[in-house]
Structures are given as structure tokens and as C-alpha cells.
Amino acid sequence: MSEDNMDMNKSLVTVETDPEAETPKPARKKPNRKSYSTVWNYFTKQMGADGKEKACCNLCNREYLVSPVFGTTNLHRHIEHHHIPKGRNVGPIMVARAVPVQPANLAPNPKPFKYDEAAFKDNLTRAIVQHEYKYELLEEDGMKKILTTICPDLKFLDTGTVKSDVVKLYEKERKKVLLLFEKLARRVSLSIDLWTNVKTEEYICVTAHYIDRDWKLQKRILNFKYIPSPHDGASLTGFISSLFKSWRVENKLFCITVDDALSDDTLVDIYKAQLNGKKALLLQGKFFSCKCCARVVNLIVHEALKNIDLIVYKIRECVKYVKGSPDRKKKFLDCAKKYNIDIDLGLRQDIPTKWRTTYLMIESILPYKDAFNDLQNRDASFTDCLDSNEWQFIEKMYKFLKIIYDATCTFSTATYPTANLCFQAICKIQYVLKEESRGMDEIIQSVATKMLSIFDSYWREFSTILSVAVVLDPRYKLDLVDYAFEKIQKEEKEFYVNLVRQSLYGIFNEYKANLASSSKSKDKERKPEGKSELDRYLEEPKSDWDKPLEVLEWWKENQPRFPELAKMARDILAIPICPADPESAFSIGGKVLDQYRGSLKPDELEALICTKDWLFPSEGSDGKGEDIGLKVELN
Numbered sequence: 001m002s003e004d005n006m007d008m009n010k011s012l013v014t015v016e017t018d019p020e021a022e023t024p025k026p027a028r029k030k031p032n033r034k035s036y037s038t039v040w041n042y043f044t045k046q047m048g049a050d051g052k053e054k055a056c057c058n059l060c061n062r063e064y065l066v067s068p069v070f071g072t073t074n075l076h077r078h079i080e081h082h083h084i085p086k087g088r089n090v091g092p093i094m095v096a097r098a099v100p101v102q103p104a105n106l107a108p109n110p111k112p113f114k115y116d117e118a119a120f121k122d123n124l125t126r127a128i129v130q131h132e133y134k135y136e137l138l139e140e141d142g143m144k145k146i147l148t149t150i151c152p153d154l155k156f157l158d159t160g161t162v163k164s165d166v167v168k169l170y171e172k173e174r175k176k177v178l179l180l181f182e183k184l185a186r187r188v189s190l191s192i193d194l195w196t197n198v199k200t201e202e203y204i205c206v207t208a209h210y211i212d213r214d215w216k217l218q219k220r221i222l223n224f225k226y227i228p229s230p231h232d233g234a235s236l237t238g239f240i241s242s243l244f245k246s247w248r249v250e251n252k253l254f255c256i257t258v259d260d261a262l263s264d265d266t267l268v269d270i271y272k273a274q275l276n277g278k279k280a281l282l283l284q285g286k287f288f289s290c291k292c293c294a295r296v297v298n299l300i301v302h303e304a305l306k307n308i309d310l311i312v313y314k315i316r317e318c319v320k321y322v323k324g325s326p327d328r329k330k331k332f333l334d335c336a337k338k339y340n341i342d343i344d345l346g347l348r349q350d351i352p353t354k355w356r357t358t359y360l361m362i363e364s365i366l367p368y369k370d371a372f373n374d375l376q377n378r379d380a381s382f383t384d385c386l387d388s389n390e391w392q393f394i395e396k397m398y399k400f401l402k403i404i405y406d407a408t409c410t411f412s413t414a415t416y417p418t419a420n421l422c423f424q425a426i427c428k429i430q431y432v433l434k435e436e437s438r439g440m441d442e443i444i445q446s447v448a449t450k451m452l453s454i455f456d457s458y459w460r461e462f463s464t465i466l467s468v469a470v471v472l473d474p475r476y477k478l479d480l481v482d483y484a485f486e487k488i489q490k491e492e493k494e495f496y497v498n499l500v501r502q503s504l505y506g507i508f509n510e511y512k513a514n515l516a517s518s519s520k521s522k523d524k525e526r527k528p529e530g531k532s533e534l535d536r537y538l539e540e541p542k543s544d545w546d547k548p549l550e551v552l553e554w555w556k557e558n559q560p561r562f563p564e565l566a567k568m569a570r571d572i573l574a575i576p577i578c579p580a581d582p583e584s585a586f587s588i589g590g591k592v593l594d595q596y597r598g599s600l601k602p603d604e605l606e607a608l609i610c611t612k613d614w615l616f617p618s619e620g621s622d623g624k625g626e627d628i629g630l631k632v633e634l635n
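Count the sequence shown with this note's numbering and you get residues 1 to 635, in order.
What follows is the structure, given as C-alpha cells:
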């Protein structure tokens, strides 16, 4: 038992002792005394809403009517029943009048609870943003009952006020984010994504990516704007340019990645020309435009799935059939047991727009090949089973897709998806596509050739910046670039490796020049240079490639040795080549707003999405978590 409770118990059970108590005294009239009982150390008198005087418990806020008729018996009983630990035998409660004791854990005569309207509004607004509760939350009867139980005096807010409070919070937080970018002494890369609602109305989401002073990869959603239709490259350029100007980041841009649905060369070219006119870009914008490698992977996987769509449809129907009724599941279970197949593996039902779930569905069905064939023989109503040729083909495609899936996982599951992670995965995919396009299987060869055609157009345009990013990984440097081009483009290896080296030194020299111009006062004391920081970095032994390494942590620790190169690494590693959202790495569908978000007005939607991203970044922009499809349990 705590000392606080012991003190309270002592004060309640102390019996008044009087050495003359045994000597009878003549009866006399009791004087008028007010609230002499020690019980008032635990209660405070206050006027109730009904105009009647109440005794409010200082420990739990329970109220009792104050009346000479009732006395203090009910107050004693409350203390005994509710605030003395169970199991402690204290006998009848007798309160000492001579020695009033105040509980140690209770301030003298604490003030009763007072409703703080400002605090309630602020916490409500933040909760609506964080959890995306409906604005009409306080108008629901159930919520009203809950809140009035807690606070009868609560003033309910109408929906319009709640919406207004969310917008005010957005404007308040926007000023903080704007100040952050004004003070940011480094370049920023931006990604522009297209979203639609159920009415097919279009929105663009602009996200800034940068590495902070603690070498942590950060992102901030700057805008989520409705795009008026119709629009073309020129009109979009003006629209997007105005957004960038409002955030004052135009002179700090390094690179932008544009959604495929918005990938209009006109947009990028016009804006690039505008920024070059202001001399705002490095190397005249040589690396200003880029694509997220996950989107390219999604395109080539989509091409592969198009060639097996009929087989995938049949697999999907197989899974649906088994889960359709307990009787079917039992029949299938018997078939699986007959062939000693592990029933704990289960089957997966896919989400057609998420190729990861389709891949996992294919993976889940292959061990049950014999069970499905047997089910077809037992159940005449089961007509969607794959034939022997289809089973053989899907097994080959699975092995093919597995390589792409595993490669994609290397960057989609990273805590900090920095730009260096993509090079190795992309090279591995390209190598497999080249090998399969020259293979003996005509069908696989045909699929791989189509996929390679899509892939090559991306590789030609963006292989250089991918290569530069991986050079800044101290485990690989230029060695991995040399090895990769030997494998995938042996005939042109020397050309590509030299191109990477030239680009690497070109970017570094520009950073070096900018850094020198910003510290002219030290020029007179500058010592003659020997090897550059980049030379020294490349010549030093590489870190162990087979040991875990956080690239950003490495640069944080080594920044004092390579201040110029670290500044360059900070900007390049922040390029959104890898997806910030893991699930987008496996999505072949467009980004569609859910029904609730799609029902909001444009300004309300932007306020909700941006404020949530700023205040609760760990929960993600949608807070929905990853979705890998429905698992059908068999046991």
C-alpha cells in the first residue's frame, strides 16, 4: 500500500481520545458549528447547475447533495467504499475532529474540473486530421452521448466550424513548413503525382524530398491541388510553376520526377528552359528530369501480365471457387491431404491493380497444382482448372516474375529509400530480360523482348544519374558500375563508364565552385590543392559490401573529411528514384482517392492531406498500410 493511502486511512480511522471521556457530564446544548468534520478534507462544497449546494469529492469528482437532513454519513460511506484499499479492515469509519489530516497526494481544496473550450477544439481538430474522422463526427448521436457523459457543459461544434478549424490548422502549419524551406541550405527534389476521384476529376500531389541536417531522408507534401480541365503541357507548366514559386523553392531545385500520366515532355522542357534562364539549375538541368524506377518496373510487369491475363483469370477463379463454400473447401482440403500438401500455406486472392498481390497469388497456387487437378476430377462444377500446358507456362512465368519481385523488394522495403538502392536492382532486371529475350522458350522470349523494349528507353535516359547515385555508396563506388556494364552492355561498356565518370566529376566541380564562391573571404588563406575530395573518396578502400550499412549514416560520420562531396551526396541521394510509398512499387493502377476524400471540396482535401503529412509523417499520407491481398485459410 502506498504511503499516500496509509496517510488517508490513518486520518479516517483516528479515534478522538479524551482522558476524561469515561466521566459522564451533564447534557448541554450543542453549539452551532459549520463543517467541522474532517471529511471536508476530502470534499469541496460548490453550487450545482440546479442551484442546490453539492459536496464534490476531491478524489473522483463524485457529487452529493448537501443537507442538514443527510449530514455527512453518506460522505463517510463514499470515502470508505471508494478510496480505502479493499481488504483493509478499518472497522466503522470515525473521523477525528481534533487532528484533520490532508492526503499527501492531494492539493488543498483542489479546484473542480473546468471545461477548456480552446483545448477541446485544438485536440478535436488534430484528431480529425490524424485519423481522418468525418467532419460530421460531433453531430452523430452516439458521440454526443459519450461526450456529454464526460462533460455535461460541452459546447458542440457544427460541421462548418470543424472544417474551418482544420483549414486554420493547415494555414498555421504551412507557415512553419514554408519557413523550413526558406532556411534550407541545400537543394530539393520534387515528385509530381496524378490522382483522380471517382468522378475522374484530377488532382496533382507535389512532394518535396530532401536530406536534413541529421542526414535523415525527409519528405513533405507541399500541395494537393485540383487541376481544372482541359489542360495541356503549357498550362500545366504555368500551374506547377506558380506552386513552386509559392514555396520559394525554384532556386533550390535539383530534380523533379513526373507521374507517367503527366509525363509530357512539353511540361518538363518549358519549365527547364525557364529555370535555365534564371541560372537556377546545375549543369543546365542535365539531370533535372527523372523517373521513379518503380514506375518503370510496374510498366514492364504490366506488359508481362497482359500476356498471361487468361491464365491469371483462371487462377483467380480457382481461388474464388475454393473459398466459395465450406463444402468446396472441404473437398479441396481432402485433395491436398491426399498428396501430402501443407495446408497451412493457404491460398491468396489478389487485387488486380496490385501486381505484388497477383504474384503472391500465383506463388500460393503452385504448391496445390495436384490438388486442383484432383478437385477437377471429383467436382464436375469446377471448370476453371488450368490444363497441363498452362501449369507449365505459369511455372516458368513465376520464376521470371520472382526475379523482378525480389529486385523490387530491395528498394521498396528500405527504411530510407535513397537513390543508390535502385541501380543494382535495375541492372539485375535488365540482365534477366536480355537473357530471356535470347532464350529458347518462344513465349517467354516474346514477353521478355517486349518488356526489354520498354525498359531500354528508360535505361538510356536515366542510367547515368542512377550510376552516379550508386558511386556515392561507399560499398560499391565505381566498381559496381564497371561490373554492371560489363554484364548488360559489354560492347558499349567503355562509353557508358566514361560517361558516368564525366558526369560525376562535372557535378562535383559545380558543387565545389559554388561552395568556393560562398566563402570568398577564405580564398586568400586557401592552400594549393592536391587531390580533390572526390579523388580521395574513390581511391580509399570500399566498405564491406556484404555487411549492413546505412549510407546516410556513413556520410554523416564522414562529412568532416569530405565537406564538398558530402554536400553533393546529400542532394543526389535524396532524388526520388525509389518510391517513398512501398506499395506504389507494386501498383499497376492509377492513384485513386477513396470515397471520403473524394467527397471533400478541393481546399478541404488539400488541408487534410497536407496537414496530416506535416503533423503525423510516420503514419504516411494515407495511413492505410500495405495490402498484400486476402489469404484464404484452408485448415
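The C-beta atom is built at its ideal place from N, Cα and C for all residues, glycine as well.
Put residue i into one of helix, strand or coil per three-state DSSP.
i: D158; result: coil
i: F287; result: coil
i: K45; result: strand
i: I192; result: strand
i: I204; result: strand
i: F462; result: helix
i: L222; result: strand
i: K477; result: helix
i: K175; result: helix
i: I227; result: coil
i: H209; result: strand
i: E63; result: strand
i: K54; result: strand
i: K369; result: helix
i: K487; result: helix
i: L217; result: strand
Counting only the same chain and skipping the five closest in sequence on each side, list residues whose C-beta sits under 8 Å from that of residue i.
i: K531; result: E539
i: E303; result: V447, K450, M451, I454
i: K428; result: I403, A407
Buried or exposed: residue i, going by 16 or more other Cβ atoms within 10 Å of its Cβ?
i: W247; result: buried
i: M451; result: buried
i: C60; result: exposed
i: C205; result: buried
i: P417; result: buried
i: H209; result: buried
i: S11; result: The predicted position of S11 is uncertain, since its pLDDT is 39 and thus under 50; a value taken from the coordinates is nonetheless stated next. S11 comes out buried.
i: E606; result: buried
i: R77; result: exposed
i: R348; result: buried
i: I211; result: buried
i: E140; result: exposed
i: T358; result: buried
i: D473; result: buried
i: N58; result: buried
i: C578; result: buried
i: A185; result: exposed
i: Q392; result: exposed
Cβ of residue i within 9 Å of Cβ of residue j?
i: C290; j: T266; result: no
i: F254; j: A469; result: no
i: S503; j: I465; result: yes
i: E317; j: K612; result: no
i: C293; j: A425; result: yes
i: K286; j: G506; result: yes
i: E136; j: T159; result: yes
i: I341; j: D370; result: yes
i: D259; j: D350; result: no
i: F288; j: K272; result: yes
i: A419; j: I572; result: yes
i: L608; j: V166; result: yes
i: T196; j: V592; result: yes
For residue i, I'd like the list of residues in its chain whose CB is within less than 6 Å of its CB, leaving aside the five on either flank, ordered along the chain.
i: V432; result: I403
i: V249; result: F181, V188
i: G566; result: With the sequence shown as reference, residue 566 is identified as Ala, and Gly is not the correct amino acid for it. Excluding positions up to five away in sequence, the list reads W555, Q559.
i: I681; result: Since the displayed the chain opens at 1 and closes at 635, residue 681 lies outside it and no answer follows.
Cutting at 7 Å between CB atoms, please list the residues of its own chain near residue i, excluding the five before and the five after it.
i: E510; result: L282, L283
What are the complete alpha helix (DSSP H) segments, minimum 4 residues, inside the region 381–460? Within the region 381–460, the runs of alpha helix (DSSP H) at least 4 residues long that lie entirely inside it are, in chain order, 388–412, 422–437.
Ignoring anything shorter than 3 residues, give me the beta strand (DSSP E) runs that lie fully in the region 234–277, in order along the chain. The region 234–277 contains these whole beta strand (DSSP E) runs: 253–258.
Ordered list of alpha helix (DSSP H) runs contained in the region 526–609, each at least 4 residues: Qualifying alpha helix (DSSP H) stretches, in chain order: 533–539, 551–558, 563–572, 595–598.
Quick one: which unbroken alpha helix (DSSP H) runs of 4-plus residues sit fully inside the region 273–352? Chain order, please. The DSSP assignment places complete alpha helix (DSSP H) segments of no fewer than 4 residues inside the region 273–352 at 293–306, 309–323, 326–338, in order along the chain.
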